[in-house]
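The structure appears right after this line, and notes come after that.
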Amino acid sequence: MKPAPFTYHRPHTVEAATSLLREHGDDAKILAGGQSLLPIMNMRLAEPAHLVDITAIGELRQHTETATGVRYGAATTHMHIEDGLVPDVTLGLLPHAAHGIGYRAIRNRGTIGGSLAHSDSSAEWPTVLSALDAVVHTASADGGRRIPVRELLRGFFTTALDPAELIVAVEVPRLPEGTRWGLYKMARKPGEFAESLAVALRHGDELQLWLGAARDVPIRLTGTENLIGDRAGGSPDLSVADLVETVGADTGADGHSRQLHAAAVHRALRATERQDSHV
Ligand SMILES: Cc1cc2nc3c(=O)[nH]c(=O)nc-3n(C[C@H](O)[C@H](O)[C@H](O)COP(=O)(O)OP(=O)(O)OC[C@H]3O[C@@H](n4cnc5c(N)ncnc54)[C@H](O)[C@@H]3O)c2cc1C
1044 MKPAPFTYHR PHTVEAATSL LREHGDDAKI LAGGQSLLPI MNMRLAEPAH LVDITAIGEL
1104 RQHTETATGV RYGAATTHMH IEDGLVPDVT LGLLPHAAHG IGYRAIRNRG TIGGSLAHSD
1164 SSAEWPTVLS ALDAVVHTAS ADGGRRIPVR ELLRGFFTTA LDPAELIVAV EVPRLPEGTR
1224 WGLYKMARKP GEFAESLAVA LRHGDELQLW LGAARDVPIR LTGTENLIGD RAGGSPDLSV
1284 ADLVETVGAD TGADGHSRQL HAAAVHRALR ATERQDSHV
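Here is the structure:
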């Protein structure tokens, strides 16, 4: 299928983009990599009268590294992160996550800002960047905001962004040295969205567990964290069966989904125990 007719705009500055967004309001859509928006338009599930392509805005492709983290321009592609063309302050977690997104052709065009704005809980960035407590910076004709990813994501395809608000950057905090991470994606086959996506971060006795694809937004598994924290020495002896009940309580899932999420969490936890290799 083909999209409904639209007027194409390709501004070169953030100011020009936000002014177009204000001018056209709900009739306009931002186009970044197009890897989610264009299929939706082709299926006529969205019929914006104006498309504001942000890929010619140089500022959105830049990055800045500081002592506390990295600020990535919103149009940084999954490929840039996967291939190490931008700095990584997460001890390899971001490149590993990027590598698992779709296929290479999708990673060449899809962007970190577009993935967050799309807010699909089975996608990599919403869960990984929630776990890392990343923050987005936005711009609009009325000014800018700083929104933690955990507050940005409000539901399936729903965010805290106003229609005329553009994500300009994503700020990722530096993981403390010695942090061990595990990420496990369950998908029917490589290149597909996750059916379960577990992220575990361990630093000393501190453990954080996040899960995507279980609800409409990524969730933190606090009950499971407590179960593991109560075990002396962490979780080496825990089996999937030990986790099923508490993961079920954390997610509200039952039956097959509960088993699937418990297995993903178990594998992410196991990956944190292998310091030099991650699943
Ligand atoms: C076959 C296929 C498989 C895929 N598999 C995976 C997968 O396994 N894991 C995964 O994570 N993703 C997957 N994706 C999605 C892919 O990662 C997309 O790149 C991503 O979801 C959207 O990024 P984009 O830059 O292409 O955004 P676009 O498609 O251009 O835009 C998506 C939405 O975000 C809005 N938007 C874009 N940029 C901004 C911005 N800077 N500020 C505000 N709003 C903005 C757009 O208006 C639109 O509503 C897959 C896609 C396809 C087609």
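Under the working numbering, the first residue of the sequence shown carries the number 1044, and numbering increases by one thereafter. Virtual Cβ for every residue (Gly too), placed ideally from N, Cα, C. Being a predicted model, the structure only gives us computed values, none of them experimental.
Mind listing, in chain order, the continuous alpha helix (DSSP H) runs of no fewer than 4 residues lying wholly within the stretch 1127-1181?
-> 1136-1142, 1147-1152, 1155-1161 and 1167-1174
Glycine 1291 beta carbon less than 8 Å from that of aspartate 1285 = Along the sequence shown, read from residue 1 onward, the residue named residue 1285 stands at position 242. Along the sequence shown, read from residue 1 onward, the residue named residue 1291 stands at position 248. Taking 8 Å as the Cβ cut-off, aspartate 1285 and glycine 1291 do not qualify as a contacting pair.
Between the C-alpha atoms of histidine 1304 and glutamate 1058, what's the straight-line distance to the nearest angstrom?
-> Mapped onto the sequence shown, residue 1304 falls at position 261. Mapped onto the sequence shown, residue 1058 falls at position 15. Those two C-alpha atoms are separated by around 43 Å.
Spatial distance of threonine 1098 from leucine 1074 (CA atoms) | In the sequence shown, counting from the first residue as 1, residue 1098 sits at position 55. In the sequence shown, counting from the first residue as 1, residue 1074 sits at position 31. Threonine 1098 and leucine 1074 have their C-alpha atoms spaced approximately 8 Å apart.
Through-space distance from serine 1079 to glycine 1198, alpha-carbon basis = Taking the first residue of the sequence shown as 1, we reach residue 1198 at position 155. Taking the first residue of the sequence shown as 1, we reach residue 1079 at position 36. So the alpha carbons of these two residues sit roughly 16 Å apart.
Just checking, does the stretch 1204-1218 make contact with the stretch 1247-1261 on the three C-beta pairs under 8 Å criterion?
-> The answer is no - the stretch 1247-1261 does not touch the stretch 1204-1218, with fewer than three Cβ pairs under 8 Å.
Chain-order list of residues whose beta-carbon lies under 6 Å from that of threonine 1315 (same chain, five-residue window excluded) | To locate residue 1315, count along the sequence shown from 1; it is residue 272. For threonine 1315, where only same-chain residues beyond five positions count, the Cβ hits under 6 Å are Arg1223, Gly1225, Ala1243 and Arg1245.
Report whether the distance from the Cβ of glutamate 1235 to the nearest heavy atom of ligand 1 is below 7 Å.
-> The residue you call residue 1235 lines up with position 192 of the sequence shown. Residue side-chain check: glutamate 1235 places its Cβ nearer than 7 Å to a non-hydrogen atom of ligand 1.
Own chain, CB closer than 6 Å to isoleucine 1144, minus 5 neighbours either side, in chain order | Here the question's residue 1144 lines up with position 101 in the sequence shown. Once the five neighbours on either side are set aside, the close Cβ partners of isoleucine 1144 are His1121, Arg1150 and Glu1167.
Are valine 1026 and alanine 1177 close, meaning C-beta to C-beta below 8 Å?
-> Only positions 1044 to 1322 of the chain appear in this structure, which leaves residue 1026 out of reach.
Does any heavy atom of ligand 1 sit closer than 7 Å to the C-beta of glutamine 1078?
-> Looking up residue 1078 in the sequence shown gives position 35. Yes, Cβ of glutamine 1078 sits closer than 7 Å to a heavy atom of ligand 1.
Methionine 1086, buried or exposed, once every other Cβ within 10 Å from all chains shown has been counted against 16 | Locating residue 1086 in the sequence shown gives position 43, counting from the first residue. Per the 10 Å Cβ criterion, exposed.
When you compare only the Cα positions, how much space is there between proline 1054 and leucine 1103?
-> Counting from 1 along the sequence shown, the entry for residue 1054 is found at position 11. Counting from 1 along the sequence shown, the entry for residue 1103 is found at position 60. Near 12 Å, if we compare the C-alpha coordinates of leucine 1103 and proline 1054.
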